[in-house]
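The block underneath contains the structure these notes are about, expressed in structure tokens.
In this note's numbering, the protein residues as written are 18 to 156.
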């Protein structure tokens with residue numbers, strides 16, 4: 018089944034006999050990942066009988082369930098309803114973790130090569146790499 022939500026498409030399909038996947042667009046994208054995170058949170062919060070575990074990834078939510086406790090069709094309908102009620106942008110908390118990075122020497126023996134190859138100074142390479150805030154999609 019393929020559906021559309023937030024200007025992107027998703028499909029819900031079985032993964033084996035006791036898991037269902039909600040597959041969003043085939044790209045690594047913050048908006049898609051926001052959908053995955055929020056849908057996962059809502060599925061967990063709903064505490065539907067028969068759901069064993071919810072596993073979010075870059076673009077997919079995998080829902081493990083006990084087919085003796087909930088029928089596939091009923092669970093698909095529940096998941097579709099959750100997705101349709103979810104709004105992108107509801108997730109507010111963003112935690113920034115600063116990770117110390119060492120450049121050059123034993124920690125980055127190719128720093129000089131990378132700088133020269135790109136016509137930059139070593140300090141330029143370090144700034145280009147360390148300036149942005151990187152999003153962690155999953156751990």
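Beta carbons are placed, not taken as given, at the ideal position from N, Cα and C, and that holds for glycine.
No experiment lies behind these values; they were computed from the predicted model shown.
Asked, Found
"Spatial neighbours of residue 120 in its chain, beta-carbon cut-off 6 Å, leaving aside the 5 residues before and after", "128 and 143"
"Under 8 Å between C-beta atoms of residue 84 and residue 51", "no"
"Any 3 or more C-beta pairs closer than 8 Å across the stretch 39 to 48 and the stretch 70 to 85", "yes"
"Straight-line Cα distance separating residue 59 from residue 70", "13 Å"
"Inter-residue spacing [alpha-carbon to alpha-carbon] between residue 30 and residue 154", "23 Å"
"Three-state class that DSSP yields for residue 119 in the structure shown", "coil"
"Euclidean distance between Cα positions of residue 140 and residue 104", "42 Å"
"Residue 79 vs residue 116 beta-carbon contact at 8 Å", "no"
"Distance, residue 99 Cα to residue 38 Cα", "14 Å"
"Reduced DSSP secondary structure (H/G/I, E/B, other) of residue 113", "coil"
"N-terminal and C-terminal residue of the alpha helix (DSSP H) that residue 89 is part of", "89 to 102"
"Same chain, Cβ closer than 6 Å to residue 57, five either side skipped, listed in chain order", "71, 73 and 78"
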